[in-house]
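*Asks:* Just passing along the structure, written as C-alpha cells.
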C-alpha cells in the first residue's frame with residue numbers, strides 16, 4: 674500500500690453548524706491538521722438546495738462546514754473546542770445578527786466516537802457555567818447528506834482577505 678493511500682485512509686470527516694458558514698469555515702480552515710473545509714447545507718429535507726432556498730428556512734437545512742482532517746494532528750476534541758469557542762450555543766436559531774433555523778447550532782457526528790466526544794464536551798460545557806447557566810441548545814445528530822454550497826461561498830472570507838466576521 675502506497676504512502677498516499679495510507680495518508681488518505683487516516684483522514685476523517687467532521688461536520689458542524691454554528692451560524693453563518695463563512696465565519697465557521699474560517700475558524701476551522703486555519704487549524705493545523707485540517708486538510709480541507711467546505712461550506713454547505715445539512716440536516717434538511719430538500720435535495721441539492723440552493724443558498725436562496727436555505728435562506729427561506731423552508732428546506733430544513735443548516736448552514737454548516739464539513740471538515741476533512743488528520744486526527745493525529747487535529748484530534749476531534751480540538752475541533753470541538755473550536756466549535757464551542759466560535760459561536761454562542763445558547764441561542765436558538767440565531768448567531769449575532771443572523772436569525773433563522775439555518776443558523777442553528779448542531780454537531781453532525783460521523784462515528785460513534787465523535788458522538789461520545791461531542792456529548793461529553795457539551796455536558797462539560799453546560800456544567801462549567803461559562804454561559805451563565807443558560808441552556809446549551811446545540812443538537813448532536815448523525816451526519817446526513819452534506820450538500821456543498823455554491824462556489825462563491827467556499828473560503829469566502831479568505832478570498833476577501835478578511836480574518837473573521839464580527840458581530
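In the numbering used here, the protein residues as written are 674 to 840. Every residue gets a Cβ at the ideal spot worked out from N, C-alpha and C, and that includes glycine.
#1: On the CB-based measure, 16 or more other CB atoms within 10 Å of its CB, does residue 817 come out buried or exposed?
#2: How big is the Cα-Cα spacing for residue 732 and residue 718?
#3: In this structure, does DSSP put residue 739 in helix, strand or coil?
#4: Just reading off the beta strand (DSSP E) that residue 722 is part of, what are its end residues?
#5: Within 10 angstroms of its Cβ, does residue 790 collect 16 or more other Cβ (buried), or is it exposed?
#6: Could you tell me the boundaries of the alpha helix (DSSP H) in which residue 815 lies?
#7: Using DSSP with H/G/I as helix, E/B as strand and the rest coil, what is residue 819?
#8: Can you tell me the Cα-Cα spacing of residue 721 and residue 734, whole angstroms?
#9: Mapping DSSP to helix, strand and coil, what is residue 791?
*Replies:* A quick look at the data gives this:
#1: With fewer than 16 neighbouring CB atoms inside 10 Å of its own CB, residue 817 falls in the exposed class.
#2: Taking the straight line joining both Cα atoms gives about 6 Å.
#3: Residue 739: strand per DSSP, three-state reduction.
#4: Looking at the DSSP string, residue 722 is not in any beta strand (DSSP E), and its letter there is neither H nor E.
#5: Buried, by the Cβ-count rule.
#6: Per DSSP, residue 815 lies in no alpha helix (DSSP H) segment; the continuous beta strand (DSSP E) that holds it begins and ends at 812 to 815.
#7: In the three-state reduction of the DSSP assignment, residue 819 falls in the coil class.
#8: Residue 734 has its alpha-carbon roughly 10 Å from the corresponding atom of residue 721.
#9: Of the three classes helix, strand and coil, the one that applies to residue 791 here is helix, per DSSP.
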